[in-house]
Structure formats: structure tokens, C-alpha cells
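**Q** Chains as they are written, first to last, in our numbering: chain C, 51 to 171; chain W, 51 to 171. Beta carbons are placed, not taken as given, at the ideal position from N, Cα and C, and that holds for glycine. One structure is given below, represented as C-alpha cells, and several questions about it will come after.
2 protein chains.
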Amino acid sequence: MQIETIIQEKKLKLTAARKEILELFIDSQKPLSYDDIKESISMDKATFYRNISKFETESILHSFESNDKKRYYEITGTPHAHFICKECNSIECLEESINLKIKNHTVHDILIKGICQKCMG
Amino acid sequence: MQIETIIQEKKLKLTAARKEILELFIDSQKPLSYDDIKESISMDKATFYRNISKFETESILHSFESNDKKRYYEITGTPHAHFICKECNSIECLEESINLKIKNHTVHDILIKGICQKCMG
DNA sequence: CTCTATGCAAAAACTTTGCAGGGAT
DNA sequence: ATCCCTGCAAAGTTTTTGCATAGAG
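Encoded structure:
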């Protein structure tokens, strides 16, 4: 998915900050926290939060809180569940598609917390 | 489960604050946020956070973040999944036991986010 | 009596808002 | 030219920490 296309579809302006943020998410292919992003991109925190907020409203990104109590953002693509290790705080994207039918509720995301194979030894 | 027993097993001191917190969780039988607790109990926030933190370390409570971006705490009992509605922010404890086997990872909690039946209309 | 918990206040961490100037369309 | 976006600074929220006193075992 082209960044230009994403931005234009939502009728947003393509600024340098937005391009950098989206490029980072597309390249990294994994959930990133504010700190992760700050490491790669220098940008005012207000700009960061405002853009992330807009991206979430427009469903370009979505977020969840991990075990380290930090918020992680991810580009919205193929829906998938996340496994979060309570020992090493690692986040694993699970390939399995989400097809649970829960009491007629519509399921969007699944967050699974536990201990990963590595930490189980 | 008696509060006295819980506290003694973890070799903690049973103070008025701790008794109030645990009584509230046992009575309410659902996840509670800091604000929920503050409504029912008057207690310094430092005391609250220190006790909650200790309870989590001792696995008396566990927590997760809901859709309203508030942290919800729950007494550790029979493991169960939670359904969080992204529309009305309601939290539903699911009866289904957690027996997923995920890539040899040990699963503790599952958080399912979506739209509940009521909000789907 | 000893050691931990509490309350208050201050600080740290995280996120949002106001405003003036800059940039995209 | 217009309207949205950005950076800076300030304020708002949420959570943590230091310290002296109070309370549990």
C-alpha cells in the first residue's frame, strides 16, 4: 500500500512528519511504541500524538497496551492476534486469522497474554 | 476465599486499606478501574497504587487496559477471557475457559476487542 | 519492638491544548 | 489564498517516590 494512496483516501495532507511515521510502520512490520518511534524519527511529541490520534480515527493505525504498560501502534492491515509475553515483554504477531464467534459479538482484535516458549525454557 | 487467608498466604500485613480494596473486588465480581475504586473507597492514591502494585506482584490481582484507555483490575480467580466493546466500552467476562494452545506458548489471559451484540443492533 | 504501610507533597511520566508561524493543495 | 499542520511551551493526567508518622504482627 502506497503512503500517498492511504493519505489521499482519507483526505489528509501528506506532510514530512506523516510520511516518516507511516514509512517507519510499513518498514518495521511490527507494533511500535512512542519510544520506538522517537528513536528513529525526531519529531515534536505534540505532532506525534496528534498524527497518531488522527491515524487511529481514520483507522490507518490501531493500538493496544502491552505488558510493559506502554502503548503500541500498528498499521491496520490483515487482522491478526498478538501474543504478549509477561516475562520478556515481547510481542508476537500471530498469523492465525481471527474467526472466533463470541456470543454474536463482532471480534476485531485479540490480545493473548502469557509466557512465550523461549521464557518457558 | 477469605481476605485474611489471601493476605496471610502472601505474608502481607492486613491493613484497613487492603481489606477495603479486596472486599470491593470480591463483592463486585467484575473488573474495576482506579476511578471505580475511588468512588467507593477514600484512600490516598499513593496507597492505592502501592497496594495494587503489590497485589499484582503477588498475583492477587491482575490488570488490563480497556478501550477507554483506563486500567482495569480484577481479582485473580478462575481464568477467563474478556470481551471489550469498542463502541460502548463495556467489559464482559467470558465464561469460556482458556484452553488455546498457541505455538507452545502458555496462555494466561485473553482480551478480545470488538463490537458487542447490543451495539451491533 | 520491629518492620512495613500510610498520607501528604513533590516529582516523574505520559498526553493534550493554545497559539503563532509554515506548508500542502 | 485557504486551511491544515507543525513546533514550542504550558497545562492536564496518571503514576511513582521521599519522608515522617502510624499501625500490624
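Is Cys166(C) near Cys135(C), with beta carbons less than 8 Å apart?
**A** It is a contact, given that the beta carbons lie within the stated cut-off.
**Q** Could you spell out the range, first to last residue, of the alpha helix (DSSP H) harbouring Lys168(C)?
**A** Where Lys168(C) is concerned, the enclosing alpha helix (DSSP H) stretches over Gln167 to Met170.
**Q** Which bits of chain W does Thr156(C) rub up against, with CB to CB less than 7 Å?
**A** In chain order: Gly164, Ile165 and Met170.
**Q** Is the CB of Ile102(W) under 8 Å away from at least one CB in chain C?
**A** Ile102(W) does not count as touching chain C.
**Q** If you drop the 5 nearest sequence neighbours on each side, which residues of the same chain put their C-beta closer than 7 Å to that of Glu106(C)?
**A** Counting only Cβ-Cβ distances below 7 Å, and skipping sequence neighbours, we find His112 and Ser113.
**Q** Between the alpha carbons of Thr65(C) and Ile91(C), how many angstroms are there, rounded?
**A** Roughly 14 Å separates the two Cα atoms.
**Q** In terms of DSSP beta bridges, what is Leu161(C) paired with?
**A** Answer by DSSP bridge pairing, in chain order: His132(C) and Leu161(W).
**Q** Do Ile152(W) and Ile160(C) have their CB atoms nearer than 8 Å?
**A** Contact: no.
**Q** Check whether the Cβ atoms of Asn189(W) and Ile71(W) sit closer than 8 Å, and answer yes or no.
**A** Absent from the model: residue 189(W). The displayed extent of chain W is 51 to 171, so no value can be given.
**Q** Could you check whether the Cβ of Asp159(W) sits closer than 8 Å to any Cβ belonging to chain C?
**A** Closer than 8 Å: yes.
**Q** Looking only at its own chain, which residues have a Cβ that is under 8 Å from the Cβ of Leu62(W), when we skip the five neighbours before and after it?
**A** For Leu62(W), where only same-chain residues beyond five positions count, the Cβ hits under 8 Å are Arg68, Lys104 and Glu108.
**Q** Less than 8 Å between the beta carbons of His155(C) and Gly127(W), yes or no?
**A** Not closer than 8 Å, so no.
**Q** With 7 Å as the C-beta to C-beta threshold (strictly closer), list the residues of the stretch 63-92 of chain W near chain C in chain order.
**A** Listed in sequence order: no entries.
**Q** Is any beta-carbon of chain W found at less than 8 Å from that of Phe98(C)?
**A** No, because no Cβ of chain W sits closer than 8 Å to the Cβ of Phe98(C).
**Q** Can you find a CB in chain C that lies within less than 8 Å of the CB of Ile110(W)?
**A** No, Ile110(W) does not count as interfacial toward chain C.
**Q** Between the Cα of Glu89(C) and those of Leu74(C), Lys80(C) and Thr97(C), spot the shortest distance and give me the residue it belongs to.
**A** Nearest option by C-alpha distance: Leu74(C).
**Q** By the criterion of Cβ-Cβ separation under 9 Å, what are the contact partners of Lys95(W) in chain C?
**A** In chain order: nothing, as chain C lies at least about 17 Å away.
**Q** Run through the DSSP bridge pairs and tell me what Ile56(W) is partnered with.
**A** DSSP, once it has assigned bridges, lists no residue as partnering Ile56(W).
**Q** Starting from the beta carbon of Phe105(W), find every residue of chain C whose beta carbon is closer than 7 Å, and list them in chain order.
**A** Within chain C, no residue comes near Phe105(W); the closest Cβ sits about 16 Å away, beyond 7 Å.
**Q** Starting from the C-beta of Pro81(W), find all residues in its chain whose C-beta is less than 6 Å away, skip the five residues before and the five after it, and write them out in chain order.
**A** The residues are Tyr122, Glu124 and Ile141.
**Q** Would you tell me roughly how many angstroms separate the C-alpha atoms of His158(W) and Thr97(W), rounded to the nearest one?
**A** One C-alpha to the other measures close to 27 Å.
**Q** For Glu142(W), which residues does DSSP report across the bridge?
**A** Paired residues: Phe133(W).
**Q** Going by the CB atoms, is the gap between Ile87(W) and His132(W) shorter than 8 Å?
**A** Taking 8 Å as the Cβ cut-off, His132(W) and Ile87(W) do not qualify as a contacting pair.
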